[in-house]
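Enquirer: Residue 72 in the numbering used here is what sits at position 72 of the sequence shown, and the numbering runs on without skipping anything.
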Amino acid sequence: MLQGKTIDQLNIGDRASISKLITERDVIRFAELTGDINPIHMDKLYAEQAVFGERIAHGMLTASLISAVLGIKLPGPGNIYVSQSLKFRAPVKFGDVIEAEVEVVEKIPERNRVHLKTICRNQDGTVVLEGEAIVIPRHE
1 MLQGKTIDQL NIGDRASISK LITERDVIRF AELTGDINPI HMDKLYAEQA VFGERIAHGM
61 LTASLISAVL GIKLPGPGNI YVSQSLKFRA PVKFGDVIEA EVEVVEKIPE RNRVHLKTIC
121 RNQDGTVVLE GEAIVIPRHE
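(1) What does Gln-62 pair with, by DSSP beta-bridge criteria?
(2) Determine, using beta carbons only, whether Thr-23 and Pro-137 come nearer to each other than 8 Å.
(3) Using the beta-carbon count (16 or more within 10 Å), is Ile-125 buried or exposed?
(4) Tell me the rounded alpha-carbon separation between Ala-47 and Ala-90.
(5) Around the Cβ of Ala-100, are there at least 16 other Cβ atoms within 10 angstroms (buried) or fewer (exposed)?
(6) Please list the segments of the beta strand (DSSP E) lying wholly inside the stretch 85-129, counting only runs of 3 or more residues, in order along the chain.
This is the structure:
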């Protein structure tokens, strides 16, 4: 069984990331799962008349990639996601390859908490989302 890192196994500056191609199918499935059928995501004709001129992925679909990094890579399995701040900087379009990265910026051993910087970039290096997360890493 996979085990994530404990607070003692984490260091300031530790990083991990995953990359994902965002497809129309991903957006449709996310809409079905969440019920968020906003036409900016679902309706091509509507979206063509909107601010970005085309359909875009849900912001929370992009944000969910951060959860994946935290859950499977750093700190990894067994951690508890306590909080997340998010700033959406640019739209994610169908066909974008998004890299979600987390970086340990602070350890709070007396509370067994870790503060991480979170960022998502597209294939051009454009920051599409950034924020900060607090997690409780697994215990020994």
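We put the beta carbon where it would ideally sit given N, CA and C, even for glycine.
Expert: Reading off the structure:
(1) It is Thr, not Gln, that sits at residue 62 in the sequence shown. Thr-62 pairs with nothing; no bridge assigned.
(2) no
(3) Note that residue 125 is Gly in the sequence shown, not Ile. Gly-125 is exposed by the Cβ-count criterion.
(4) 16 Å
(5) buried
(6) 97-108 and 113-121
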